[in-house]
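Colleague: The structure follows.
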């Protein structure tokens, strides 16, 4: 449908160059990329698999966690920038409690109208089990942060206790990603690492190869192997359509050092 829309708009506006439509997300194996090109994609954009590369800004600990993930080690968690709307993002589930704790904060946000209205016992539990700091400390840090970036947020929080609560909870969601990048060991259970099932598929495909060790994963070798593998599988499919008998080995592509 999107490709049809692109062609329609090109004809309608008289574009002399084709409108290129790509595919991003869910691409962790050569077969997935071959399928994307087979459906008409002009280009592909990988996501999760790049975070496990040595060039990633993610900490070594975070990259190792990604390299151990399977396709089912993914969960949905509240998005920091759209917390109040209930928007969620895919994150790594294995080795971290971020998704569960983020959802617990959203439940509390939906249940109460302000920080002050949270029962004392539940508030203390929230500070100890999830936030790891007192609400007062977090709010002081939040005020300092927004004073230099967007003072309107603080002004709004002064008039709207619910918004103040949202800002406090968004601190945790924001810091989860920071802790994952810096490798904060005592907050390992709070790492927020964006991750989709493609990461698990990539790990399965690279098992036993030179790309299995996390320190051997470079963006160049990841990209070259995915694209080379997609080309290999596409050519094998074309040969099958032409009636050429192929063996099982001809229908697979294993990672190998490429230049």
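Residue numbers (the working numbering): 211 to 469.
The beta carbon of each residue, even a glycine, is placed where N, CA and C say it ideally should be.
(1) Suppose the cutoff is 8 Å on Cβ atoms and the five residues either side in sequence are ignored; what does the same chain contact list for residue 353 look like?
(2) With DSSP as the reference, label residue 402 as helix, strand or coil.
(3) How about the region 237 to 250 and the region 434 to 444: do they share at least three Cβ pairs that are nearer than 8 Å?
(4) With distances taken Cα to Cα, identify the nearest neighbour of residue 254 among 342, 238, 268.
(5) Spatial neighbours of residue 340 within its chain, please: C-beta separation below 6 Å, excluding the five flanking residues on both sides.
(6) May I have the straight-line CA-CA distance separating residue 298 from residue 375, to the nearest angstrom?
(7) Which one of 381, 369, 331 has the shortest CA to CA distance from residue 355?
(8) From this set, 462, 457, 448, which residue's C-alpha is nearest residue 248's C-alpha?
(9) Note the first and the last residue of the continuous beta strand (DSSP E) segment covering residue 300.
(10) Considering Cα atoms alone, identify which of 446, 452, 351, 455 is closest to residue 463.
(11) Could you tell me the boundaries of the alpha helix (DSSP H) in which residue 353 lies?
(12) Give, in chain order, every unbroken run of the alpha helix (DSSP H) that is at least 4 residues long and sits entirely within the region 374 to 420.
(13) Residue range of the beta strand (DSSP E) that residue 284 falls in?
(14) Roughly how many angstroms separate the alpha carbons of residue 411 and residue 403, rounded to a whole number?
(15) Give me, in chain order, the residues of the same chain whose beta-carbon lies closer than 6 Å to that of residue 461; leave out the 5 immediate sequence neighbours on both sides.
(16) Any contact between the region 301 to 317 and the region 389 to 399? By contact I mean 3 or more CB pairs, one from each, below 8 Å.
(17) Where DSSP assigns a beta bridge to residue 234, which residues make up the other side?
(18) Please report the distance separating the alpha-carbon of residue 313 from that of residue 424.
(19) So which of 362, 428, 223, 359 has the shortest CA-CA distance to residue 466?
(20) Measuring CA to CA, which of 225, 394, 454 is closest to residue 268?
(21) Look up residue 227 in the DSSP assignment and say whether it is helix, strand or coil.
(22) According to DSSP, is residue 423 helix, strand or coil?
(23) Are the beta-carbon atoms of residue 301 and residue 408 separated by less than 8 Å?
(24) Pull up the distance between the alpha-carbon of residue 192 and that of residue 274, whole angstroms please.
(25) Distance check for residue 371 and residue 294, CA to CA, integer angstroms please.
Modeller: This is what the structure holds:
(1) Counting only Cβ-Cβ distances below 8 Å, and skipping sequence neighbours, we find 364.
(2) If DSSP states are grouped into helix, strand and coil, residue 402 belongs with coil.
(3) Contact between the region 237 to 250 and the region 434 to 444 is present, because at least three Cβ pairs lie under 8 Å.
(4) Closest option to residue 254, Cα to Cα, is 238.
(5) Exclusion of the five residues before and after residue 340 leaves 311 as the residues of its chain whose Cβ lies within less than 6 Å of its Cβ.
(6) About 18 Å.
(7) Residue 381 is the option with its Cα nearest to residue 355.
(8) Here the closest residue by C-alpha is 448.
(9) Taken as a continuous stretch (DSSP letters only), the beta strand (DSSP E) holding residue 300 covers 298 to 302.
(10) Among 446, 452, 351, 455, the Cα nearest to that of residue 463 is on 446.
(11) 345 to 357 is the extent of the alpha helix (DSSP H) around residue 353.
(12) As far as the region 374 to 420 is concerned, its whole alpha helix (DSSP H) runs of at least 4 residues are 407 to 416.
(13) The continuous beta strand (DSSP E) containing residue 284 extends over residues 284 to 288.
(14) Looking at the two C-alpha atoms, the distance is approximately 17 Å.
(15) Closer than 6 Å at Cβ, skipping near neighbours: 446.
(16) Touching, yes.
(17) Residue 234 pairs with 255.
(18) Annotation: residue 313 to residue 424 spans about 30 Å, alpha carbon to alpha carbon.
(19) Ranked by Cα distance from residue 466, the options 362, 428, 223, 359 are led by 428.
(20) Of 225, 394, 454, the residue nearest in Cα terms is 394.
(21) Correct three-state label for residue 227: coil.
(22) Three-state DSSP puts residue 423 in coil, outside helix and strand.
(23) The beta carbons of residue 301 and residue 408 sit no closer together than 8 Å.
(24) Because the chain is modelled from 211 through 469, residue 192 falls outside the range shown and cannot be assessed.
(25) Rounded to the nearest angstrom, the two C-alpha atoms are 13 Å apart.
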